[in-house]
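Enquirer:
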Amino acid sequence: MPRRYWWLLGAAVIVLGSVTLLRAPLTDWRYTAGKNEAIQVRTGQTLDSGKSTATLESRLTGELQIEPNSRLRLVASGDRQQRFELEQGTIHALIWAPPGKFVVDTPVARTIDLGYRHTLQMSKSGEGVLSVDIGWVAFEWQGVESFIPAGASCKTNPNKGPGTPWFTDASPELQSALVAFDAGQGSLEIALRAAGVRDAITVWHLMTRSKGEAPSQAYDVLAELIPLPAEAGREAILAGKSEAIYAAWDALGLGSAEIWRTWKRSW
Numbered sequence: 014m015p016r017r018y019w020w021l022l023g024a025a026v027i028v029l030g031s032v033t034l035l036r037a038p039l040t041d042w043r044y045t046a047g048k049n050e051a052i053q054v055r056t057g058q059t060l061d062s063g064k065s066t067a068t069l070e071s072r073l074t075g076e077l078q079i080e081p082n083s084r085l086r087l088v089a090s091g092d093r094q095q096r097f098e099l100e101q102g103t104i105h106a107l108i109w110a111p112p113g114k115f116v117v118d119t120p121v122a123r124t125i126d127l128g129y130r131h132t133l134q135m136s137k138s139g140e141g142v143l144s145v146d147i148g149w150v151a152f153e154w155q156g157v158e159s160f161i162p163a164g165a166s167c168k169t170n171p172n173k174g175p176g177t178p179w180f181t182d183a184s185p186e187l188q189s190a191l192v193a194f195d196a197g198q199g200s201l202e203i204a205l206r207a208a209g210v211r212d213a214i215t216v217w218h219l220m221t222r223s224k225g226e227a228p229s230q231a232y233d234v235l236a237e238l239i240p241l242p243a244e245a246g247r248e249a250i251l252a253g254k255s256e257a258i259y260a261a262w263d264a265l266g267l268g269s270a271e272i273w274r275t276w277k278r279s280w
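Note that the working numbering numbers the sequence shown so that position 66 is 79, with each residue one more than the last.
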């Protein structure tokens, strides 16, 4: 087939894509990059910050500060949810929409804001980190879930999804052990030995997400770190009973499990 034909076909595809985007509905998101004037964003539009710092604002949802070299696409904008895809880069999100409404997909995990301020970084390779300043954020990928409170962080691993969350003031020994364990290159015992009372949320995640003998080992450590109610008994926890797992969560003193039970029901 003549080369000219392929060139014309490619040009037609580009034009068709541009026309389709122009027909996409406008949203109340407004994007400002550098010193440029603000533009109203359409559903499906990709925003590339290039060398500039950018701002994305919605009076109904929140505000995003976008760092240079970030690539973000608005996938859906409606009453039920505001969904984005972060291909790479860093966003600082300040969200005042109801919990569960602001969602960001990445190549390796989905973040669901449960209120209120967090930072999400993602590299091209799929390595990333989520840090929460105020409120809560849920991190999910193929049934693997992490719930990150204020003052905590969680890394992502290519093909593995979200790792085990930890408070940012956790000991270097614990942080290193978790990175190795989540990457499949370290032992659970090292992480558990490094955990203190404040790290109970980390141990709870290890208990509920690990396989084999690991949940039993994590349960023993959790029971030493904090008082567990009768509803959170060993047999019930190891059997995966939801109410027992919720009771163990409530014993952490970080708020009721209802906040993420509600989120799980809505997805």
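Just so it is clear, CB atoms sit at the ideal spot from N, CA and C, and this is done for glycine as well.
#1: Given ALA260, which residues of its chain have a CB within under 6 angstroms of its CB, disregarding the five upstream and five downstream residues?
#2: I need the boundaries of the beta strand (DSSP E) containing GLU158, first residue and last residue.
#3: Measuring CB to CB, does ILE104 end up less than 8 angstroms from LEU73?
#4: Only counting the same chain, and skipping five residues up and downstream in sequence, which positions put a Cβ closer than 8 angstroms to that of ASN172?
#5: Output the distance between the C-alpha atoms of ALA231 and VAL216, rounded to the nearest integer angstrom.
#6: Going by the beta-carbon positions, is the gap between GLY128 and ILE108 smaller than 8 angstroms?
#7: Tell whether a beta-carbon distance below 8 angstroms holds between PRO162 and TRP149.
#8: How far does the alpha helix (DSSP H) with ALA193 in it extend, from its first residue to its last?
#9: Buried or exposed: ARG96, going by 16 or more other Cβ atoms within 10 Å of its Cβ?
#10: Smallest Cα separation from GLN94: which of ALA207, THR124 and PHE160?
#11: Run through the DSSP bridge pairs and tell me what GLU76 is partnered with.
#12: Rounded to whole angstroms, what is the Cα-Cα separation between VAL26 and ALA193?
#13: Have a look at ARG43 and LEU219 and give me their C-alpha separation to the nearest angstrom.
#14: Considering GLU153, what are the terminal residues of the alpha helix (DSSP H) in which it resides?
#15: Can you tell me where the alpha helix (DSSP H) with THR221 in it begins and where it stops?
#16: Of the residues PRO228, SER269, GLN198 and LEU87, which one's Cα is nearest the Cα of ALA249?
#17: Using the DSSP secondary-structure output, state which residues sit across from GLY169 in a beta bridge.
#18: To the nearest angstrom, report how far apart ALA165 and VAL145 are at their CA atoms.
#19: What residue range does the alpha helix (DSSP H) around ALA249 cover?
#20: Roughly how many angstroms separate the alpha carbons of GLN198 and LEU191, rounded to a whole number?
#21: Is the distance from the Cβ of THR169 to the Cβ of THR119 below 8 angstroms?
#22: Applying the criterion that 16 or more other CB atoms from any shown protein chain within 10 Å of the CB defines a buried residue, is ARG130 buried or exposed?
#23: Which residue marks the beginning of the beta strand (DSSP E) containing ALA89, and which one marks its end?
#24: Comparing the C-beta of GLU80 with each C-beta of chain D, is any distance below 8 angstroms?
Expert: For this structure:
#1: Counting from 1 along the sequence shown, the entry for residue 260 is found at position 247. These residues qualify, in order along the chain: PRO242, GLU244 and ALA245.
#2: For the purposes of this step, residue 158 is taken as residue 145 along the sequence shown, with counting starting at 1. That run of the beta strand (DSSP E) goes 157–162.
#3: Here residue 104 refers to the residue found at position 91 of the sequence shown. Here residue 73 refers to the residue found at position 60 of the sequence shown. Their beta carbons are not under 8 angstroms apart, which means ILE104 does not touch LEU73 by this criterion.
#4: The sequence position of residue 172 within the sequence shown is 159, counting from 1. Once the five neighbours on either side are set aside, the close Cβ partners of ASN172 are VAL121 and GLY139.
#5: Here residue 231 is taken as the residue at index 218 of the sequence shown, counted from 1. Here residue 216 is taken as the residue at index 203 of the sequence shown, counted from 1. Straight-line Cα distance between these residues: approximately 6 angstroms.
#6: Taking the sequence shown and counting its residues from 1, the one referred to as residue 128 is at position 115. Taking the sequence shown and counting its residues from 1, the one referred to as residue 108 is at position 95. Yes, they are a contact pair.
#7: For the purposes of this step, residue 162 is taken as residue 149 along the sequence shown, with counting starting at 1. For the purposes of this step, residue 149 is taken as residue 136 along the sequence shown, with counting starting at 1. Yes, they are a contact pair.
#8: Here residue 193 corresponds to residue number 180 of the sequence shown, with the count starting at 1. 185–195 is the extent of the alpha helix (DSSP H) around ALA193.
#9: Here the question's residue 96 lines up with position 83 in the sequence shown. Classification of ARG96: buried, given that the 10 Å Cβ count is 16 or more.
#10: For the purposes of this step, residue 94 is taken as the residue at position 81 of the sequence shown. If we check each option's Cα against that of GLN94, THR124 comes out closest.
#11: Walking along the sequence shown from the start, residue 76 turns up at place 63. Paired residues: GLU70 and LEU107.
#12: As a working note, residue 26 is residue 13 in the sequence shown. As a working note, residue 193 is residue 180 in the sequence shown. The predicted position of VAL26 is uncertain, since its pLDDT is 36 and thus under 50; no value can be drawn from it.
#13: Reading the sequence shown from its first residue, position 30 is the one you call residue 43. Reading the sequence shown from its first residue, position 206 is the one you call residue 219. Going from the Cα of ARG43 to the Cα of LEU219 covers about 40 angstroms.
#14: What you label residue 153 is simply residue 140 of the sequence shown in a count that begins at 1. Taken as a continuous stretch (DSSP letters only), GLU153 belongs to no alpha helix (DSSP H), being part of the beta strand (DSSP E) at 141–154.
#15: Here residue 221 is taken as the residue at index 208 of the sequence shown, counted from 1. Taken as a continuous stretch (DSSP letters only), the alpha helix (DSSP H) holding THR221 covers 213–222.
#16: Mapped onto the sequence shown, residue 249 falls at position 236. It is PRO228.
#17: As a position in the sequence shown, residue 169 is number 156, starting the count at 1. Sequence check: residue 169 is Thr here, not Gly. According to DSSP, THR169 bridges with GLY141 and PRO175.
#18: Mapped onto the sequence shown, residue 165 falls at position 152. Mapped onto the sequence shown, residue 145 falls at position 132. Approximately 6 angstroms between the Cα atoms of the pair.
#19: Counting from 1 along the sequence shown, the entry for residue 249 is found at position 236. Residues 247–251.
#20: Position 185 of the sequence shown, counted from the start, is the residue given in the question as residue 198. Position 178 of the sequence shown, counted from the start, is the residue given in the question as residue 191. Distance between the alpha carbons of GLN198 and LEU191: 10 angstroms.
#21: Residue 169 sits at position 156 when you count from the first residue of the sequence shown. Residue 119 sits at position 106 when you count from the first residue of the sequence shown. For THR169 and THR119, yes; Cβs fall inside 8 angstroms.
#22: If you number the sequence shown from 1, residue 130 lands on position 117. With 16 or more Cβ atoms within 10 Å of its Cβ, ARG130 is classed as buried.
#23: Along the sequence shown, one-based indexing puts residue 89 at 76. Element bounds for ALA89: 84–90.
#24: In the structure shown, chain D does not exist; there is a single protein chain.
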